[in-house]
Amino acid sequence: MRMKKQFLKTYLFIFACGLAVVVSCKKYHAPAPEPMPAAVTPGPDTTGSLDIVMSNVVNGVPLVLGTQKYTNANSDTFIVNTYKYYFTNIRLTTSGGYAWSPAESYYLVDQSNPSSLILHVSGIPRASYSSIEFMIGVDKNRNTSGAQTGALDPANGMFWSWNTGYIMAKLEGTSPQSGDNYKKLTFHLGGFSGAFSVLRSVQLPFPNAAQVTETHKPQVNMNCDVAEWFKTPNTISFGTVYGVTTSNTNAKNIADNYADMFTITSVVN
Amino acid sequence: MKRFITPLQIKKAIGMTFLSALVLSCSVDPEITPTVNLDNIQPVIPDGWPTPVYNFENNPLTPAGFDLGHALFYEPMLSVDNTVSCSSCHQQFAAFAQADHDFSHGINGLLGKRNAPALQNLNWNPYFMHDGGINNIEVQPTAPITNPVEMGETISNVVFKLSNSSKYRTLFKNAFGDETVNSQRMLKALAQFMGALYSYNSKYDQVRAGKASFTAAEQQGYTLFQQKCASCHVEPLFSDYQFRNNGLAVNTFINDSGRAHITQLPADLWKFKTPSLRNIEKSKPYMHDGRFTTLDQCLDHYVSGIVSSATLDPQLASGIALSSQDKTNIIAFLKTLTDTKFLTDVRYSENYK
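In the order they appear, the protein sequences are chains A and B. Taking the numbering used here, the leading residue of the first sequence gets 1, the next gets one more, and so forth. Taking the numbering used here, the leading residue of the second sequence gets 1001, the next gets one more, and so forth.
Here's what the structure looks like:
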C-alpha cells in the first residue's frame, strides 16, 4: 500500500512537472534522449516502462519443477522443486553514459509463481538504453534496517530469523548422488557482508537498444541458467556439497558460480 | 508529546492504577505514587546515558502503535497451536525474563537450549539474542515465532490469523490508518512495545541523580563493582554489548557454540553477549543457559569456577578475588538495580486495558 502510494506520488510529481524536468536535465542530469523510432510519437509524459521477461532454464532447457531431470557439470543428476531468487537494484544506462535507477527495485523471482517471472520496471525517463545492471540478492542496507514489506516481506520465506538476513537465492531439490540421507539438495544462499557474501552485481549489454517512451514498452527477454550454480569456477559435486544453509565458503563458491547465470536473449522494442 | 492512551483507556486503567498504588504504597521507591503518569509513553532518558541505537526514527512511537504491540506481545496466536505468547517466557515481574526456568518451554512442551533474557532498555542493544544473531529490534520477533521449539509458526500464517481477527483489524487501523495486516506493521508495533520497555528508576538511578543515597554496604559493593565488574558490565546500562567467554564449563549435552554459531569463527566459540545486570535480583536464573539460580553462585563462579579455554576472556584468566564480605556487599549493590516502577508499571502488564 505504502509502495503504491509512493509510486503514485512519484508518478504524479513527474507528470506535473512534465517535459520541463527531464528535458532541462536538472533532476536526472540526462543527455538529450536519442531519437525515437519513426512509428513512436512522444507525448507529454516522458516516462515509460519496460518488462523483463525471465526464463529460468537448466543447460538452456526450460526449468520444470518437480519432475524434469537435469545434469550438473559433475554429471550428477538432479530434480529442482523450489527455485527462487532476489533480483534487485536495477540500473539502466545509455550508450551516452546517462544512467537511471528506480527509487527502489526489489523483485522476488519464484519459478512456482508465473507472475513473478515478469519484472515490470516503470517510471523510466524516455531514452534509448544500451545496458542493464542489477544485483543478485538484497543489499546490506535492507538486511540491517528492520522490518520490510513487499518482495522483502519475511513472510515470503526468504529470510533467516536466527541470523538476520535474506536468503538471496534458494534452490531445493533431490539428487541420487546427494550426500544427504534423504538425497535432498538444500541450497539457501545468504550472507550480505564479509568474505562469504553471496551478493553479486551483474552488468549485461542489450543486444539492441531498449527504446523507452511513454507509449513504447520494450520487452527484455532474459535467461537464468540454474546449471551455472554448479559449474564454473567451482564445480560442485552433490556428493559432498548438498546442503548449504549458512553463510560459508560453499555459499560463496556457488555465488561465484551463479554470478554469470543471466543472459539476455533478445530485446523486443 | 503524544499522549500514551486515550481518555477512554484512561478510565479503564484507573482501576489498575489505584490497585497498583495500593500495592506500591509500601514500596521503598519514592517515585511510585498514586499519580503514576499514564499520559506519556515517551521516555525521559536520564542524563549521562548514551544515545540509543534504535530511536523510532522510521517507526514513530505512538499510543496506538504501543497498544497494538502490547496486544501482540501477550497474543498466543503468534504460535502455531495458539498456546505460546511472547509473555510466556518474558514475564514483567521477572524483568521480562522467565522466572525459575533455565530453558524456555515452547509449543508441545518442547525445550529450547538457552535462558530467556530480560527485556529492558532494548533500544541500546546493537544486536539481539545471546549470540547477537539478530541485527534490528524490528526483526527480533521473527526468531521465536518461527523457531520450531518456541512458537513453531510461520510469519505468513500469523499474519493470516491476525487478519481474520476483528480485534486486530481495529488495532492495526488505529495504529497505521487502515485495517491492512502485514508482517511489517506487526513487527513495527512489537518494536514499539519492546522498545518502550525502559528501566531507569532503580535506586541506583536515584543515587546517580542525587535523589537518594546508598547504604554503607551498597556503597562498598558499588566501589568493588566498579573495580572488578564494570569493565564488561558498563554503567549505566550495565553491559558493553560485547561477546565474551566468561569461563563457564561447556555443557556437553548441548554444545552451544555461542557467537561462533553466527560468525563461524573458532575465535568466537563459547562467547555470549554480556547481559545487563539491571533488575538482576528479579531475573533469575542466570547465565545464557540459566545454570545458576542465585547471585551467590554467580559470584562464586567468578571467584573459583572459571574454566580455562582458548577463548576465555583474558580479564578472567585468574578469576576475580572476592572475600565473603565483598560478595555480600556486591549483592547489596546489585539489588539497588531493581526497578520496582518498571516491574509493576501497569502500561506493560497483561491486565492493562
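Yeah, the Cβ is synthetic: ideal placement off N, Cα and C, and Gly gets one too. Here the structure is a predicted model, which is why all the values come from computation and not from measurement.
Residue span of the alpha helix (DSSP H) that contains residue i, given as start and end
i	result
B:VAL1158	1155-1163
A:ASN253	249-258
A:SER122	No alpha helix (DSSP H) holds A:SER122; the beta strand (DSSP E) holding it covers 118-125.
B:LEU1224	1216-1228
B:ASP1131	Careful: B:ASP1131 lies outside any alpha helix (DSSP H) and carries neither H nor E.
B:LEU1316	Segment: none, B:LEU1316 is in no alpha helix (DSSP H) and carries neither H nor E.
B:VAL1181	Premise fails: B:VAL1181 is in no alpha helix (DSSP H) and is neither H nor E.
B:LEU1072	1063-1073
B:THR1344	1340-1344
B:ILE1331	1324-1334
B:LYS1211	From DSSP, B:LYS1211 is part of no alpha helix (DSSP H); its letter is neither H nor E.
B:THR1263	1260-1263
B:THR1142	1142-1146
Delimiting residues of the beta strand (DSSP E) encompassing residue i
i	result
A:CYS224	219-225
A:VAL202	200-212
A:ARG91	77-94
B:ASN1174	Not the beta strand (DSSP E): B:ASN1174 falls in the alpha helix (DSSP H), residues 1166-1176.
A:THR47	47-58
A:VAL241	From DSSP, A:VAL241 is part of no beta strand (DSSP E); its letter is neither H nor E.
A:TYR106	106-110
Cβ-Cβ separation, residue j to residue i (assumed contact under 8 Å), whole Å
i	j	result
A:TRP100	A:PRO125	6 Å
A:SER247	A:GLY191	3 Å
A:TYR70	A:GLN111	That belief does not hold up - the Cβ atoms of A:TYR70 and A:GLN111 are roughly 13 Å apart, past 8 Å.
A:SER95	A:VAL121	The pair is not a contact, with the Cβ atoms about 19 Å apart (cut-off 8 Å).
B:GLU1138	B:LEU1187	5 Å
B:PHE1066	B:PHE1193	6 Å
A:THR93	A:ASP139	Their Cβ separation, rounded to whole angstroms, is 19 Å, which puts A:THR93 and A:ASP139 out of contact at 8 Å.
A:GLY243	A:THR186	4 Å
B:ASP1339	B:ASN1201	5 Å
A:ILE236	A:ASN74	6 Å
A:GLN68	A:ILE79	7 Å
A:ASN234	A:THR265	Not confirmed; about 26 Å, so no contact.
Cut-off 6 Å between Cβ atoms - residues of its own chain near residue i, not counting five sequence neighbours on either side
i	result
B:ASN1037	Residue placement at B:ASN1037 is flagged as unreliable, the pLDDT there being 40, under the threshold of 50; the coordinate-derived value follows with that caveat. Taken in chain order, the list of residues that qualify is empty.
B:HIS1130	ARG1114, PHE1272, LYS1273, HIS1288
A:ASN269	GLN211, PRO218
B:GLU1153	SER1079, VAL1080, ILE1145
B:LEU1190	GLY1069, LEU1072, PRO1141
B:GLY1221	ASN1329, ILE1330, ALA1332, PHE1333
A:LEU12	Note that A:LEU12 scores a pLDDT of 45, beneath 50, so its modelled location is shaky; the value from the coordinates is reported in the next line. Nothing listed; no residue qualifies.
B:THR1180	none
A:TRP229	ILE254, ASN257, TYR258
Opposing strand residues paired with residue i [DSSP bridges]
i	result
B:GLN1091	B:ALA1097
A:VAL268	A:GLN219
A:ARG189	Per the sequence shown, the amino acid found at residue 189 of chain A is Leu instead of Arg. Partner(s): A:ALA169.
A:VAL61	A:VAL58
B:ARG1244	B:PHE1272
A:TRP100	A:LEU92
B:HIS1105	B:LEU1111
B:TYR1286	B:PHE1292
A:TYR70	A:PHE78
A:THR263	A:ASN223
Cutoff 7 Å; reference residue i; Cβ partners in own chain excluding five residues on either side
i	result
A:VAL267	PHE206, PRO207, ASN208, ALA210, PRO218, VAL220
A:ILE62	One detail in the question is off: residue 62 of chain A reads as Pro in this sequence, not Ile. Within the same chain, A:PRO62 has close Cβ partners SER55.
A:SER24	Since pLDDT at A:SER24 reaches only 39, below the 50 mark, its modelled position is unreliable, and no value is offered.
B:LEU1277	HIS1233, PHE1238, LEU1334, LEU1337
A:PRO102	ILE90, VAL121, GLY123
B:ALA1209	PRO1046
A:PRO176	THR77, LYS183
B:VAL1149	GLY1106, LEU1110, LEU1111, GLY1112
A:TRP160	ILE167, GLY190
B:LEU1224	ASP1326, ASN1329, ILE1330
B:ASN1251	ASP1289
Neighbourhood of residue i by C-beta, 8 Å cutoff - its chain only, sequence neighbours within 5 removed
i	result
B:GLN1242	CYS1232, LYS1273, THR1274
B:VAL1023	Because the pLDDT of B:VAL1023 is 39, which lies under 50, any placement of that residue in the model is unreliable, and the question is left without a value.
task = At 4 residues or longer, and completely inside the segment 129-184 of chain A: list those alpha helix (DSSP H) runs for me, N to C.
result = Those alpha helix (DSSP H) runs which fall completely within the segment 129-184 of chain A and span 4+ residues are 140-144.
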